[in-house]
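A.B. asks:
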Amino acid sequence: MPIVYGLFFCFGITEFSSCMCHLSERRQAEANRIREKYPDRIPVIVEKAERSDIPDIDKKKYLVPADLTVGQFVYVVRKRIKLSAEKAIFIFVKNTLPPTAALMSAIYEENKDEDGFLYMTYSGENTFGLF
149 MPIVYGLFFC FGITEFSSCM CHLSERRQAE ANRIREKYPD RIPVIVEKAE
199 RSDIPDIDKK KYLVPADLTV GQFVYVVRKR IKLSAEKAIF IFVKNTLPPT
249 AALMSAIYEE NKDEDGFLYM TYSGENTFGL F
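Yeah, the sequence shown ends on 279 if you go by the numbering used here, and it's all consecutive.
1) DSSP three-state call for residue 271: helix, strand or coil?
2) Nearest-angstrom Cα distance between residue 209 and residue 227?
3) From residue 221 to residue 250, what distance separates their C-alpha atoms?
4) Over the uninterrupted beta strand (DSSP E) stretch that includes residue 241, give me the two end residues.
5) Quick check on residue 279: buried or exposed, where buried means 16 or more other Cβ atoms within 10 Å of its Cβ?
6) On the premise that residue 270 lies in contact with residue 214, defined as a C-beta separation below 8 Å, what is that separation, rounded to the nearest angstrom?
Below is the structure:
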């Protein structure tokens, strides 16, 4: 039975790892294209943490201004998921809470994936317990 991942269909372990490699290469090319066209923007992929009861986000890919702070980006995510002011939201980068005053460009340079994207996870609870 084929495994569907993005636009790739994989039929076994070997083919799956090959598909993942192609997907990574495709993402890397996309990130490079974005950074060349928009050098003052950071390519970010935002995903909801597993088992979180917080709403799903409608858009996962963002081009974020490099001078935006993490706190300002949290506000963007909060608005996209229509989270009320009394509910908490936590944003994680590599299972760690980044400082809200940190610039997205600094977080990107320290934590970007090999494919060129910065991956952030959000949750309604401090799932990872790391500060």
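Beta carbons: idealized from backbone N, C-alpha and C, even for Gly. These figures come from a predicted structure and were not determined experimentally.
C.D. replies: Taking the definition as stated:
1) strand
2) 15 Å
3) 11 Å
4) Counting along the chain, residue 241 falls outside any beta strand (DSSP E), and DSSP gives it neither H nor E.
5) Bear in mind that a pLDDT of 48 at residue 279, under 50, signals an unreliable position, so the number given afterwards is only what the model happens to contain. Burial call: exposed.
6) Rounded, the Cβ-Cβ distance is 20 Å, inconsistent with contact.
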